[in-house]
Structures are given as structure tokens and as C-alpha cells.
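Below: one structure, written as C-alpha cells.
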Amino acid sequence: MPELPEVETIARTLEPQVRERVIRAAHVLLPKTMAVGQELFSAVFPARVVGVRRRAKLLLVDIAADGQKTPTHLLAFHLKMTGKLFVHDAATSPHKHTRVMFDLAPEGDIPESRLFFDDVRTFGYCRLMRPEDLDSWPFWANLGPEPLTLTPAEFSRALGTRRGGIKSLLLDQKVIAGIGNIYVDEACFRSGIHPLTGADRLSDLQRAALLQSIQDVLTESIAECGSSIRDYRDANGDAGAFQNLFRVYGRAGQPCMICGTMLEKIIAAARTTVFCPCCQQGS
DNA sequence: AGATCTACCTGGTTGC
DNA sequence: TGCAACCAGGTAGATC
């Protein structure tokens, strides 16, 4: 389930494989995956990849058409649950779950190759757009702040006066960007906050502790190249290792690492939620 | 407006 | 062995 650390890892492993490469053409195998921008193909390609970056859980590939240096367009990928990006050699055929393919021209010693966007559950998408179109894309325009560079005051401002459960607020990409079900549970556990606690009932101290925990789990996970639940892989095909450091996610019924109490599973924000009823009180 | 719920998807797992 | 039921979860959209 690519969340911020996984998308960051994919961006870092993909960039060296596609930077400066020329995308000659794109092939859409599942139309709904490329519902936006397909009509631009003929005008944009061939285009050179000038960079790969991440915003929230979006992976952005900046491309420049017509030999220009500055990006003229970008590919915005949302991997949702099962999206994957790989570069294979040009002879590789699409398989059952391949949704879009990009032909990459040979560059120096690098032979012709192909960028694959595979997605088993087809929730993911890729949009081809101009940079100036981003602001009129509601999802982009409404994204909340990036958590890693957030200050406690900014975090508190982002939570505002809302009274909903803290878990549902943290999952809301308009409040704070990039956090999903795994990291919200891990961060709540580390800061000793019950996931159903009303955000308005968190003290300044608790808010600061929660932000610190969010930044800790995200930073540690990035250092481990993300978490591999089931089938996540980075752009090199390598698994992450942060799943070995989970303290609550997927551990319902097992003892709390701090106090030994049995971890409980509940549904919060319509998501499976695991927490320690002893260490995380105050709902 | 804000909070909550459901649809969208498919493959793997569970249970009979 | 076969097969139905269930589960995973980010986001849009609907409802209250």
C-alpha cells in the first residue's frame, strides 16, 4: 500500500533509471488508468524526462517536449494500493496487470527500454498534464502540507478546531498529505494517543508528540525503503524492510511491545485499526 | 460544514 | 478439491 515512504522510495529508485531518457510513445492498455491527458500524447511525445519527484502519495515525472530544458508537461501517478513502476528491456511484453507502458529511446550505452505501470486492482491512475493545470486539479489544489517539514504550530493549525477522531483527520489528505492506514496506527501508538480521540481534545503537548511520531515513523520507514505488505516493491524490484519494525499494524492479538497488554483491533475511519488499550487511552 | 459511510477493484486467504 | 465469503485500503461522492 504505497504511502509517503513507499512513494518516496519509488521516486528515488526510479529517477536514475529514467532521468534524461526520451519517452518516444505511450501505450494505454486500460483506458480508465489514463483517463486524463491521453489526447495530448501526439503533441507531447517524444519528450525527455527531466526529473522524478513526490508530493503526498503522488509520484510526478517531469518531462520536456521539443528539446526544451524546463518541463513542459508532467506525468502524475497515483499508485493507490497496488500500482507499481518498473523499467524493463524493450522486448518485455505487457502482462495481465500492465495498464500503461512508455517506450524509452536508447541513450548512450543504455539500450531501448520500457517503463511499465502495473496495477492489479486498477485503482491507480496516471495523468498527463501541463504544470499550469495542476492548480485546477482539485485533488492537487486541496492537498494538505507535507508532514516531514511541518512545524508543531503548522501541524496544530492544520488540525484546526475539528472534532473528528484523530485517525480520520490524519488519513484526510486535505489535512495532512501522505499518511495512510499503516503509518497513522504506528504514529498514534508511538505518541500514546487513542486513534478515536477527538482532535480538539489533544493538548499542545500531545499534538507535538504526535507530529514527532509521524515524522519518526516516516523517516525511519524511508531509511528502510518503505514497508512491504504483500507485494509492494520499489522501482528496482526490491522489497522494503520497515514492516519488520511495525509495533501495532498487523499485530492485533499479540502483546504490546511496551506493556504486554494484548493489542486490540477496531474499525476506525472505516479502516482496520490496531492499538494498545493500555498505552493509548483517552478516546 | 464536517463527519461518516459506501463504491470501486482483484487476488489471496479462510472456512465449509 | 471446489467454491463462496471475506478482507485489504485511498479517494470520490453521497448522505446525514
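Numbers 951 to 1233, taken from the numbering used here, label the letters of the first sequence in order. Glycine included, each C-beta is placed from N, C-alpha and C at the ideal position.
With the rule of 3 Cβ pairs closer than 8 Å, the segment 980-989 does not count as touching the segment 1208-1218. In the structure shown, R1107 falls within a helical segment according to DSSP collapsed to helix, strand and coil. Residue ranges of uninterrupted beta strand (DSSP E) with 3 or more members, entirely inside the segment 1192-1226 and ordered along the chain, are 1214-1218 and 1221-1225. Residue range N1131 to R1140 is occupied by the alpha helix (DSSP H) that includes Y1133, with no beta strand (DSSP E) assigned at that position. In the structure shown, S1063 falls within a strand segment according to DSSP collapsed to helix, strand and coil. Membership of T1169 in the alpha helix (DSSP H) is indicated by the continuous run D1154 to A1173. In this structure, T959 sits near G1176, with a CB-CB distance shorter than 8 Å. Residue pairing by DSSP places G1176 in no beta bridge whatsoever. For E1170, the number of other beta carbons within 10 angstroms of its own is below 16, and it is reported as exposed.
With 16 or more other Cβ atoms from the protein chains shown falling within 10 Å of its own Cβ, S1178 counts as buried. According to DSSP, Y1075 shares a beta bridge with H1028. K1117 has its alpha-carbon roughly 14 Å from the corresponding atom of C1226.
DSSP places A1015 inside the beta strand (DSSP E), whose first and last residues are L1008 to A1015.
Residue pairing by DSSP puts T1048 in a beta bridge opposite D1068. Judged by pairs of C-beta atoms under 8 Å, the segment 995-1011 touches the segment 1019-1037, as three or more such pairs exist. Q1231 carries a strand assignment under DSSP once its states are collapsed to helix, strand and coil.
Assigned with DSSP and collapsed to three states, V968 falls in helix.
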